[in-house]
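Trainee:
Residue numbers (this note's numbering): 18 to 163.
#1: Helix, strand or coil: how does DSSP classify residue 32 here?
#2: Residue 67 and residue 79 look like a contact to me (Cβ under 8 Å); what is the Cβ gap, rounded to whole Å?
#3: Verify whether the separation of the beta carbon atoms of residue 36 and residue 57 is less than 8 Å.
#4: Might you give, ordered along the chain, the residues of its own chain that have their beta carbon closer than 6 Å to the beta carbon of residue 75, omitting 5 neighbours on each side?
#5: Under a Cβ-count criterion, where at least 16 other Cβ atoms within 10 Å of its own Cβ denotes burial, should residue 156 be classed as buried or exposed?
#6: Between residue 111 and residue 135, which are expected to be in contact by the criterion C-beta below 8 Å, what is the C-beta distance as a whole number of angstroms?
#7: Go to residue 56, then tell me how far its beta strand (DSSP E) extends in each direction, as first and last residue.
#8: Between residue 159 and chain E, is there a C-beta pair that is closer than 8 Å?
#9: Mind checking whether residue 65 and residue 124 have CB atoms under 8 Å apart?
#10: Cα separation between residue 144 and residue 42?
#11: Can you look up residue 134 in the DSSP assignment and give me helix, strand or coil?
#12: So residue 119 is in the beta strand (DSSP E); what residue range does that whole segment cover?
#13: For the beta strand (DSSP E) that residue 70 lies in, which residues bound it at each end?
Below, the structure is given as structure tokens:
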């Protein structure tokens, strides 16, 4: 993902640990910073979802399926993170039912994160932030199929 200043952020799983790591490229014509920032994330094996939370620009929402097959969510201000420093652990919040696959998320007009996932029972579940730009996801609710 990138922000309006051209900074590029790449999130991936660290080989051998499954921790989420963040690589940064300050601008499109600049070199990648050599050391990633280690964000942790309660393990997991699937891909990592992330998006810049406008209008905050340096705040990123991160969502993934963790080792217990539940959603782990964090809000990180990447301007405060320094590559090569000690492990940075955001406040990861685990929530929701056990899920078959990676949950999805979208940002609404007011800046709140909405997330959906398919539970192990085949039902569709959804949740959202109570307040835009900060805080964890709320209680998950099963959506009607008809």
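All C-beta atoms in this analysis are idealised placements derived from N, C-alpha and C, irrespective of residue type, glycine included.
Mentor: Based on what the coordinates show:
#1: Of the three classes helix, strand and coil, the one that applies to residue 32 here is coil, per DSSP.
#2: At roughly 5 Å, the Cβ-Cβ gap stays under 8 Å, so residue 67 and residue 79 are in contact.
#3: Remark: C-beta atoms of residue 36 and residue 57 approach each other more closely than 8 Å.
#4: Contacts found: 94, 95, 96.
#5: When all chains shown are included, residue 156 counts as exposed.
#6: About 17 Å; that fails the 8 Å criterion.
#7: Boundaries of the beta strand (DSSP E) around residue 56: 54-57.
#8: Going by chain labels, chain E is absent from the structure shown, which holds only one protein chain.
#9: No, Cβ-Cβ distance for residue 65 and residue 124 is not below 8 Å.
#10: Their Cα atoms are separated by approximately 32 Å.
#11: In this structure, residue 134 counts as strand in the three-state DSSP scheme.
#12: Secondary structure note for residue 119: it is in no beta strand (DSSP E), with a DSSP letter that is neither H nor E.
#13: That residue, residue 70, is in no beta strand (DSSP E); it is neither H nor E in DSSP.
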